[in-house]
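In this note's numbering, the protein residues as written are 62 to 314.
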Amino acid sequence: MERLQKVIARSGVTSRRKAEALILAGKVKVNSKVVTELGTKVSSKDTVEVEGIIIENEPKVYYIINKPAGCISAVSDDLNRRVVVDYLRKKGVTERIFPVGRLDYDTTGALILTNDGELANLLMHPKNEIDKVYLVRCQGIVNSDVIRKLRSGIKLANYITQKAQVDLISIDKKNKSSQVRITIHEGKYHQVKLMFEAVGHPVKKLRRERYAFLDVHGLKPGEFRRIKIHEVKQLFVLATHKVPKRNYKIRRY
Ligand code: URA
């Protein structure tokens, strides 16, 4: 048995806090009866309905893909462009997975997909300080002053980026470009590109090498693998600093 708000959050419908607000507002039903008690416990046999929609209680699945360039980090696209979920669907993945955060159309590399909304929310929240490691090829020769600025935080349109780990990997004098590794915890829209633009070195190529401790070694662009159960647990530990007490269905593999 688990707390109702936790079950709702895990389904990906909304965050735990918003789930609590929905329960208090009388918008949640368990087995067709409105429940407004926050402590209510439910099991996988109960039918939970949020604002008239029954939430799925399918087994949780976790994948990591080496996202290729030329696809959108989404489940579907109104303009019928290729979306990252297509790569998994083609290989028979049927669960209602979605990408954890976003990589741009032209960005490649490590991207997690899951149907576990709770883990996704935990991983994406900047306060949980999950490493996102990017390898950047940018225009121009980056100097130590630029590295210092990137490390200490950059003022963008409406926010200042948090401290980042930044290392110059190499410079290419002939092509006037540099390769830089940057680790951030936030995931603001176009964040890395905007940071490099702000210091006068527009990004030419961007690859996410690692998400937390997960990389895509051995996976060609478009290939994916299941994240192992011990890795899933490790992600929870990283995000919450607690060992997960989870008694719901994880698909065994
Ligand atoms: N930052 C960006 O600018 N783009 C990405 O795809 C990821 C991080």
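Even glycine gets a Cβ: it sits at the ideal position worked out from N, Cα and C.
Of the heavy atoms belonging to the ligand URA, at least one sits nearer than 7 Å to the Cβ of H251. Across the set V197, R269 and L280, the C-alpha of R269 shows the shortest separation from the C-alpha of G162. With at least 16 other beta carbons inside 10 angstroms of its own, R71 counts as buried. Considering only P263, I290, H251 and A171, the residue with the shortest C-alpha distance to H278 is A171. For R271, the closest alpha carbon among the candidates P263, V264 and L280 is that of L280.
CA-to-CA, the gap between A135 and L164 works out to about 9 Å. The alpha-carbon of K128 is positioned some 43 Å away from that of K94. Contact annotation: the region 252 to 261 does not touch the region 95 to 108, with fewer than three C-beta pairs closer than 8 Å. In the assembly as shown, K188 is an exposed residue. Its beta-carbon has fewer than 16 other beta-carbons within 10 Å.
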